[in-house]
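Each residue of the sequence shown is one higher than the one before, counting from 59 in our numbering.
Written out below as structure tokens is the structure these notes cover.
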Amino acid sequence: MMPGATCGLTALMQFHLRHVQNNSYAGVPSAVEQGTGMLELDCHLTRDGHVVVSHDENLLRQTGHDVTISSLNLEDLPLYKDRLEVTFNAGHYSTGTDRKFTLLEEVFRKFPKMPVNIEIKEDNSLLMEKASNMVKQYDREDLTVWATVDCTIMKKCRRSNSTMPYSFSMRRGLQLLLLYYSGLLPFVPLGESFLQFYLPRIINRTYIPEERLLKNSMVIYLIEKLTMRKSLFKHLANRGIQVHLFVCNEDPDIEAAFEAGATGVMTDYPTLLTDYLHRHRSQD
């Protein structure tokens, strides 16, 4: 990893991230006011070429309309439901007055100093190019992170803009574990600046996965044993690589993430995390 690649982000994050619920703009200003150190935004491209912030490409869950963002112009996007289940807190619902989808550019323009984690979920070169150009336009290459689970998409993101810090893809994460357990990790250079994944203990409790394999409690137990290694997280932190665990929407989960050595916790409830940090800092 290039020296100083994450310095702009590291100084600002201070263990506090915000997964803006369903990626609507309504939650952004309040999250920033409450001390959020980073916004996690999923991005998609409309038919007329606008980069829209939305958790899903298909809008059925979020709006009740079975349409995709890529099939519609910006002005034709439906509104969010007025009451929407929180993705990572099953059985709980969020409401808001601003039900319109927002543009990535709007977030960049209104919060120029806020670090943003851009997750690209679809293999769309035009989307990557537009996001990259926007990052350059607003002079925030040291404040914006490429993120995706797909290694092919990540390679294309990096071709679009190789100066932005980036996170481990799923394949690279598995390679990281192999290097760790083989003892070779200290001797292998790493280009990534962030390791981000689900806190295993939330799966099948606050987060109900669609994948059948992840519904098996033994599988989750093994994932937790293999991934939640304090020595691994400490090694990465010593190399300047941040470890973010998400989505932690209850105090015990926040505590478990920090005890494991995470440098950042992602939540849908910034007030919850702020209160937790204040309590524990005062105890220290």
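Just so it is clear, CB atoms sit at the ideal spot from N, CA and C, and this is done for glycine as well.
Beta-bridge partners of residue i, as assigned by DSSP
i: Val301; result: Leu253
i: Gly322; result: His302
i: Ala27; result: In the structure as shown, the chain begins at 59 and stops at 342. Residue 27 is therefore absent and cannot be evaluated.
i: Ile178; result: Cys101
i: Thr160; result: Val111
i: Tyr224; result: Trp204
i: Ile261; result: Tyr265
Option in the options with minimal Cα separation from residue i
i: Arg259; options: Ala318, Ser183 and Lys214; result: Ala318
i: Pro244; options: Leu236, Arg263 and His293; result: His293
i: Val90; options: Asp181, Phe166 and Val109; result: Phe166
i: Met347; options: Leu137, Tyr327, Tyr238 and Glu115; result: There is simply no residue 347 to check, as the chain begins at 59 and stops at 342 in what is shown.
i: Leu117; options: Tyr138, Met186 and Ile299; result: Tyr138
i: Leu142; options: Asp134, Gln195 and Ser152; result: Ser152
i: Tyr327; options: Lys188, Arg339 and Glu308; result: Glu308
i: Pro223; options: Ile299, Asp140 and Gly95; result: Ile299
i: Leu103; options: Pro170, Leu248, Ile178 and Cys215; result: Ile178
i: Asp140; options: Gln120, Val207, Met192 and Met186; result: Gln120
i: Gln195; options: Thr206, Arg216 and Pro170; result: Pro170
i: Gln233; options: Asn219, Gly249, Ser220 and Leu303; result: Gly249
Cβ-based burial, residue i [other Cβ within 10 Å; buried from 16]
i: Gln79; result: Because Gln79 carries a pLDDT of 46, less than 50, the predicted location of this residue cannot be relied on, and no value is offered for it.
i: Asn175; result: buried
i: Arg198; result: buried
i: Gln341; result: exposed
i: Pro310; result: exposed
i: Ser183; result: exposed
i: Pro267; result: exposed
i: Thr221; result: exposed
i: Tyr279; result: exposed
Spatial distance of residue i from residue j (CA atoms)
i: Lys380; j: Leu161; result: A query on residue 380 cannot be resolved here, the shown segment of the chain reaching from 59 to 342 and no further.
i: Leu284; j: Ser190; result: 34 Å
i: Ser128; j: Leu271; result: 30 Å
i: Gly122; j: Gly241; result: 50 Å
i: Trp204; j: Glu115; result: 18 Å
i: Thr325; j: Val144; result: 11 Å
i: Thr329; j: Gln92; result: 7 Å
i: Thr210; j: Ser225; result: 13 Å
i: Asp295; j: Asp100; result: For clarity, residue 295 is Ala in the given sequence; the question names Asp instead. If you take the alpha carbons of Ala295 and Asp100, they lie about 25 Å apart.
i: Ile312; j: Arg263; result: 14 Å
i: Asp41; j: Gly322; result: A question about residue 41 goes unanswered here, because the residues of the chain that appear run from 59 up to 342.
i: Thr64; j: Arg297; result: Low per-residue confidence applies at Thr64: pLDDT is 35, beneath 50, and the placement is therefore not dependable, though the value from the model is reported in the following sentence. Going from the Cα of Thr64 to the Cα of Arg297 covers about 11 Å.
Endpoints, alpha helix (DSSP H) assigned at residue i
i: Thr121; result: Leu118 to Thr121
i: Val193; result: Ser183 to Gln195
i: Arg216; result: Cys209 to Ser218
i: Lys283; result: Ser275 to Thr285
i: Asn296; result: Lys288 to Asn296
Boundaries (first-last residue) of the beta strand (DSSP E) holding residue i
i: Leu103; result: Leu97 to Leu103
i: Val125; result: First-last for Val125: undefined, no H or E at that position.
i: Val110; result: Val109 to Val111
i: Val203; result: Thr202 to Ala205
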